[in-house]
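As you go down the protein sequences, you meet chains B and W in turn.
Position in the first sequence (from 1) plus 15 gives the number in my numbering.
Position in the second sequence (from 1) plus 15 gives the number in my numbering.
We put the CB at the ideal spot given by N, CA and C, even for glycine.
Each remark here refers to the structure printed beneath this line.
Number of protein chains: 2
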Amino acid sequence: MSLKHALLGVLDARPMSGYELKQFFDSSTGWMWSAQHSQIYPLLGRLEKAGLIVGHDQVRGEHLRRIVYEITDEGVAELRRWVGTEHPLQEERDPFLLQALFFDLVTDEVAVSILEVYAQHQERIAEESEEHSSMLASGQTPLIRERLHRRSSRERARITALKARAFAGKAQVARSRANWARESVDLLRG
Amino acid sequence: MSLKHALLGVLDARPMSGYELKQFFDSSTGWMWSAQHSQIYPLLGRLEKAGLIVGHDQVRGEHLRRIVYEITDEGVAELRRWVGTEHPLQEERDPFLLQALFFDLVTDEVAVSILEVYAQHQERIAEESEEHSSMLASGQTPLIRERLHRRSSRERARITALKARAFAGKAQVARSRANWARESVDLLRG
DNA sequence: TGGAGCATGTAAGGGGTTACATGATTTA
DNA sequence: TAAATCATGTAACCCCTTACATGCTCCA
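Now the structure itself:
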């Protein structure tokens, strides 16, 4: 139920429509979670039925309608409960490492070329996450500003520090994957 | 289609039954992939229908039967094709980092306790993967011995090096997650 | 006026987990 | 003889992706 709590977590900053949520997920390399709109819209409906969010209809122009969802007190309570709970830590399942496990079946050249694309991809994620982390630390992303709006300065410091930490984690993992891939390339070229 | 190629990759070392494959996946913290038997048995049937593997019935005692699957030449070709292909690199979706992103909703104590369990879990994965990596490097796991059976010593060196590298990657990622969690604990404790 | 973007939905199908179900063989 | 292990299957359900489907509004 990660998407559920990803939605609640964003709506805890400010009310949004399904369309806005989708755009937010797509920004900065998938934020920390992502989903297709076909998954978001039905889930928003279910969350409303469950009383965790409430939707308000808005009209733009004559007929273009959208539903802006706001988190309820129960929604915040559910999010807090989920965050404060230890969840079973599932097995790592990394399709790329599975592929790498069988690199002996292809030539060094092929393996190197696949590893280099992977390394670049992970480096991009690492850079974007580092960037996002420092933006959060200095309270410069649009959403963090809204989130901090009615908080005391003590709370603000804690919130920004913890959000920045999470993205630093994403960055570190990506950096470590990239380094491993670069080392592997060096080894194969050795 | 990762499980499909995980199965082919193991069967490329030696023939196995569904039951043995399941046990193999469960050994050493989920190997590089894992699956429930309810997913394995039907898939083996489909792979046989597709001609990538062939099953041979065996009987133990009077009535206990099992089906031992062997990879075919087409199976090896399919595995090689898959390994030599660049696959779309999907978004990172780490449920734990999502949870960590909202740690500001709980007390430092709760966050620390959750982070410590996570750190221990990742450290265990790192240790087991490092161990497995060096076992592979020295050709000491049961499966790698079977895999190397009919290979030249040149091939053997390359195969063990690459398999060990893949598990080294798993270890590095887990280590990096554990380090991040420990750093986070230090930060929260001030 | 046409195309990009706004906005929301449903349907089909694959991958994965949990639960249901059955029966044989070995070992304490 | 009872429990652990061997051994294989099906069914229901959830999450996610891809595709199908519709209509409005703003701007060049």
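| Asked | Found |
| --- | --- |
| Contact check, residue 175 (chain W) vs residue 152 (chain W), beta carbons under 8 Å | yes |
| Buried versus exposed, by CB contacts within 10 Å (16 or more), residue 62 (chain B) | buried |
| Beta carbon of residue 104 (chain B) nearer than 8 Å to that of residue 59 (chain B) | no |
| Unbroken stretches of the alpha helix (DSSP H), 4 residues or longer, contained in the segment 22-74 of chain B | 33-45 and 52-64 |
| Cβ shell of residue 36 (chain W) (< 7 Å), same chain only, five flanking positions each side left out | 22, 25 and 55 |
| Chain B contacts from the segment 120-136 of chain W (Cβ-Cβ distance under 9 Å) | 120, 121, 122, 123, 125, 126, 128, 129, 132, 133 and 136 |
| Short-range partners of chain B found in the segment 96-111 of chain W, where Cβ spacing is below 9 Å | 97, 98, 99, 100, 101, 102, 104, 105, 106, 107, 108, 109, 110 and 111 |
| Neighbour flag for residue 51 (chain W) against chain B, beta carbons, 8 Å | no |
| DSSP three-state assignment for residue 81 (chain W), whether helix, strand or coil | strand |
| Candidates B:17, B:33 and B:197, of which the one nearest residue 136 (chain B) by Cα | B:197 |
| Selected residue, minimal CA-CA separation from residue 100 (chain W), among B:141, B:106, B:127 and B:182 | B:127 |
| Residue 162 (chain W) - containing alpha helix (DSSP H), residue span | 157-163 |
| Buried or exposed by the 16-neighbour rule on C-beta atoms within 10 Å, applied to residue 170 (chain W) | exposed |
| Residues of its chain near residue 48 (chain W), where Cβ-Cβ distance is below 8 Å and the 5 sequence neighbours each way are ignored | 17, 18, 21 and 40 |
| Beta carbon proximity, residue 187 (chain B) to chain W, threshold 8 Å | yes |
| Residue 2 (chain W) classed as buried or exposed, judged by whether at least 16 other C-beta atoms fall within 10 angstroms | No answer is possible for residue 2 (chain W): the residues shown for chain W start at 16 and end at 205. |
| Pairwise C-alpha distance: residue 149 (chain B) and residue 154 (chain W) | 45 Å |
| Cα-Cα separation, residue 161 (chain B) to residue 45 (chain W) | 42 Å |
| Beta-carbon proximity list for residue 69 (chain B), same chain, < 8 Å, skipping 5 on both sides | 63, 84, 85 and 87 |
| Rounded straight-line distance, which links the Cα of residue 30 (chain B) to that of residue 144 (chain W) | 44 Å |
| Residue 201 (chain W): first and last residue of the uninterrupted alpha helix (DSSP H) it sits in | 168-204 |
| Run of the alpha helix (DSSP H) containing residue 16 (chain W), from where it starts to where it stops | It is not in any alpha helix (DSSP H) - residue 16 (chain W) carries neither H nor E in the DSSP assignment. |
| Cutoff 8 Å: residue 54 (chain W) Cβ touching any chain B Cβ | no |
| Extent of the continuous alpha helix (DSSP H) run through residue 132 (chain W) | 123-152 |
| Closest by C-alpha distance to residue 147 (chain W), when choosing among W:113, W:185, W:27 and W:132 | W:185 |
| For residue 117 (chain B) and residue 98 (chain W), believed in contact at Cβ under 8 Å, the rounded distance | 5 Å |
| Residue environment, residue 51 (chain W), which counts as buried when at least 16 other CB atoms sit within 10 Å | exposed |
| Under 9 Å from the C-beta of residue 167 (chain B): neighbouring residues of chain W | The premise fails here: residue 167 (chain B) is roughly 13 Å from chain W at the closest Cβ pair, so nothing lies under 9 Å. |
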